[in-house]
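To start, the structure itself, in structure tokens.
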Amino acid sequence: MKTLFIGGIKSGKSRLAEAYILQQAVSKPYYLATNEVFDDEMRTRVEIHQQRRRDAFITIEEPVKLLAALQQCRGPVLVECVSMWLNNQLYYQIPEKEILQELEAVLQLSCDLVLVHNEVGLSVVSDNRLARQFVDLSGKAAQLMGQHCEQVFFCSAGLTMKMK
Amino acid sequence: MKTLFIGGIKSGKSRLAEAYILQQAVSKPYYLATNEVFDDEMRTRVEIHQQRRRDAFITIEEPVKLLAALQQCRGPVLVECVSMWLNNQLYYQIPEKEILQELEAVLQLSCDLVLVHNEVGLSVVSDNRLARQFVDLSGKAAQLMGQHCEQVFFCSAGLTMKMK
Amino acid sequence: MKTLFIGGIKSGKSRLAEAYILQQAVSKPYYLATNEVFDDEMRTRVEIHQQRRRDAFITIEEPVKLLAALQQCRGPVLVECVSMWLNNQLYYQIPEKEILQELEAVLQLSCDLVLVHNEVGLSVVSDNRLARQFVDLSGKAAQLMGQHCEQVFFCSAGLTMKMK
Numbered sequence: 001m002k003t004l005f006i007g008g009i010k011s012g013k014s015r016l017a018e019a020y021i022l023q024q025a026v027s028k029p030y031y032l033a034t035n036e037v038f039d040d041e042m043r044t045r046v047e048i049h050q051q052r053r054r055d056a057f058i059t060i061e062e063p064v065k066l067l068a069a070l071q072q073c074r075g076p077v078l079v080e081c082v083s084m085w086l087n088n089q090l091y092y093q094i095p096e097k098e099i100l101q102e103l104e105a106v107l108q109l110s111c112d113l114v115l116v117h118n119e120v121g122l123s124v125v126s127d128n129r130l131a132r133q134f135v136d137l138s139g140k141a142a143q144l145m146g147q148h149c150e151q152v153f154f155c156s157a158g159l160t161m162k163m164k
Numbered sequence: 001m002k003t004l005f006i007g008g009i010k011s012g013k014s015r016l017a018e019a020y021i022l023q024q025a026v027s028k029p030y031y032l033a034t035n036e037v038f039d040d041e042m043r044t045r046v047e048i049h050q051q052r053r054r055d056a057f058i059t060i061e062e063p064v065k066l067l068a069a070l071q072q073c074r075g076p077v078l079v080e081c082v083s084m085w086l087n088n089q090l091y092y093q094i095p096e097k098e099i100l101q102e103l104e105a106v107l108q109l110s111c112d113l114v115l116v117h118n119e120v121g122l123s124v125v126s127d128n129r130l131a132r133q134f135v136d137l138s139g140k141a142a143q144l145m146g147q148h149c150e151q152v153f154f155c156s157a158g159l160t161m162k163m164k
Numbered sequence: 001m002k003t004l005f006i007g008g009i010k011s012g013k014s015r016l017a018e019a020y021i022l023q024q025a026v027s028k029p030y031y032l033a034t035n036e037v038f039d040d041e042m043r044t045r046v047e048i049h050q051q052r053r054r055d056a057f058i059t060i061e062e063p064v065k066l067l068a069a070l071q072q073c074r075g076p077v078l079v080e081c082v083s084m085w086l087n088n089q090l091y092y093q094i095p096e097k098e099i100l101q102e103l104e105a106v107l108q109l110s111c112d113l114v115l116v117h118n119e120v121g122l123s124v125v126s127d128n129r130l131a132r133q134f135v136d137l138s139g140k141a142a143q144l145m146g147q148h149c150e151q152v153f154f155c156s157a158g159l160t161m162k163m164k
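Chains as they are written, first to last, in UniProt numbering: chain B, 1 to 164; chain E, 1 to 164; chain F, 1 to 164.
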């Protein structure tokens, strides 16, 4: 089973996804953290997330090689989050086609996955070319996940709407 | 009963919230306006809102002391809007923790409340530090309201989706 | 019957709207393309859309005179997209009131319409005056469509939530 939690910044999507996988999983789930820490503001965010998951998860940190990391997991995995992984891929100048191919391969793994992703497209088109590139890639990735996941939840105000 | 209308700019959330409270209320409801008028563009927006509510509401204007203002109300209150109150709090440099504590106290009042709030997080992260601070605070406030309200409506195109 | 597909950038709304009209229509539907091509990035987007619709539609390109173009159509029409038409109207400095009046007239045509529109308001208020004007107009147009359409779908991750 693949499940997607998609929503905005501070929509509660990470907390909802964590609660969901902990409730579903029969064994201790993996927590695949894709953050690459670039500055203090980000470090603070990461530490808040780390505190929350304490001993409930087996934590793996992998900002780039998502497929390889997931292939090592023996049990359900929370991917937190796909947006940051996409961001890192763009940072290392991986072509969009390769990124989406890797994501598609991830979605065809047999393990249970809970994916967290930011919806970033509900605004005017950015005047920044890199931002536009990211928004496009993010939306294409979301569509791929929407297609392959059996369940999709749209998150706002710490609540969910079931899309699929 | 506490009800939240959350949505984007010009999503119709204010109009929907007004129609809702007027339909529900047995006595004339209060209209708590949190706008602080800084410029002409904003004045125009405020006046459009004022025209619409005419004599249907008892209007109170309070940009900052939300809890104190609500404690004076004897009947259902429309809070229009929480986002602007958060914005004003940040403007007066109230610490985030205190802001959220005041909001939590508001949500524990016994009176019927209809809250209007902007969902501002469905976009890329802003390159402006103040905007990022506001988006984070706004999302945390939304989660608090989502948790305490019995009903939550997500608004777009003048329509609602019931989240709770 | 009037149907609105509203969603973010790369939410899949165009693809969903195309699939919907092709499934519903008994005759070959019209495709009213409102894009005006200003640069190479846009040309690429347009060409991707064109490839996808190949021979399934009767294509009309009309960036500005939406009502007049629709009055020529004898059968169901996909309007792709309303946002771009609004953008073009602002570019040619048509007053907002006239734009919304033309849209209202469009919504009162007797033909079957499937409308694609961007939800652009789920972010912080832009510091760019033109962007704010566009976001406001876009939201007002969305509310008008939400009111007149019999069906409204909110799109994210290539999926829909039925709002109406």
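Glycine included, each C-beta is placed from N, C-alpha and C at the ideal position.
Between the Cα of residue i and the Cα atoms of the options, which residue gives the shortest distance?
i	options	result
B:Q23	B:V77, B:F38, B:A68	B:V77
F:S156	F:L4, F:C111, F:G12, F:E36	F:G12
E:I6	E:F57, E:V120, E:Q71	E:V120
E:Y92	E:E41, E:P63, E:C149	E:P63
residue 181 of chain E	E:V124, E:Q133, E:H117, E:R132	Summary: the structure shown does not reach residue 181 of chain E, with chain E confined to residues 1 through 164, and so no result is reported for it.
F:L113	F:R74, F:E96, F:R132, F:A131	F:R74
Quick one: does residue i have its CB under 9 Å from some CB of chain B?
i	result
E:L4	yes
E:Q143	yes
F:I94	no
F:F38	no
residue 200 of chain F	Residue 200 of chain F lies beyond the residue range present for chain F, which begins at 1 and ends at 164; the question has no answer from this structure.
Say whether chain F places a C-beta atom closer than 9 Å to the C-beta of residue i.
i	result
E:I99	no
E:N35	no
B:M163	yes
B:Q147	yes
With 9 Å set as the bound, which would you pick, yes or no: does the beta-carbon of residue i sit closer than that to a beta-carbon of chain E?
i	result
residue 165 of chain F	Residue numbering for chain F in the displayed model covers 1 to 164; residue 165 of chain F lies beyond these limits and cannot be assessed.
B:L159	yes
F:S138	yes
F:E62	no
F:H117	yes
F:V106	no
B:S14	no
B:E41	yes
Can you tell me the Cα-Cα spacing of residue i and residue j, whole angstroms?
i	j	result
B:A33	B:C81	7 Å
B:E61	B:V37	11 Å
F:N128	B:A25	47 Å
B:C111	B:Q72	11 Å
B:F57	F:D39	49 Å
E:S126	B:E41	13 Å
B:Q101	B:I94	11 Å
E:H49	E:Y31	11 Å
B:R45	B:T160	22 Å
B:Q143	F:R15	11 Å
F:F154	F:E96	25 Å
E:L109	E:P29	16 Å
B:G8	F:T59	36 Å
Tell me which same chain residues have a C-beta within less than 8 Å of the C-beta of residue i, skipping the five on either side of it?
i	result
F:Q151	M1, K2, T3, L4, K162, K164
E:R43	V37
F:G158	S11, G12, R15, L16
E:R52	R15, E18
What residues in its chain sit with their C-beta under 7 Å from that of residue i, if we drop five residues either side in the sequence?
i	result
B:S123	none
F:R132	V125, S126
B:S27	G75
Might you give, ordered along the chain, the residues of its own chain that have their beta carbon closer than 6 Å to the beta carbon of residue i, omitting 5 neighbours on each side?
i	result
F:V135	V120, G121
B:E98	none
F:V79	L32, L115
F:N35	V46, M84
Given the structure, does residue i come close to the ligand MN, in the sense that its CB is under 8 Å from one of the ligand's heavy atoms?
i	result
F:R129	Of the ligands one can find in the structure shown there are none, so the ligand MN has no counterpart to examine.
Quick one: which chain A residues come within Cβ less than 8 Å of residue i?
i	result
E:V79	The structure shown contains no chain A; its protein chains are B, E and F.
Quiz item: Does the stretch 81 to 100 of chain F touch the stretch 75 to 94 of chain E, meaning 3 or more C-beta pairs lie closer than 8 Å?
Solution: no
Quiz item: Counting Cβ pairs, one atom from each stretch, are 3 or more of them under 8 Å apart for the stretch 62 to 75 of chain B and the stretch 8 to 21 of chain B?
Solution: no
Quiz item: Does the stretch 138 to 149 of chain B come within contact of the stretch 97 to 106 of chain F, defined as at least 3 CB pairs closer than 8 Å?
Solution: no
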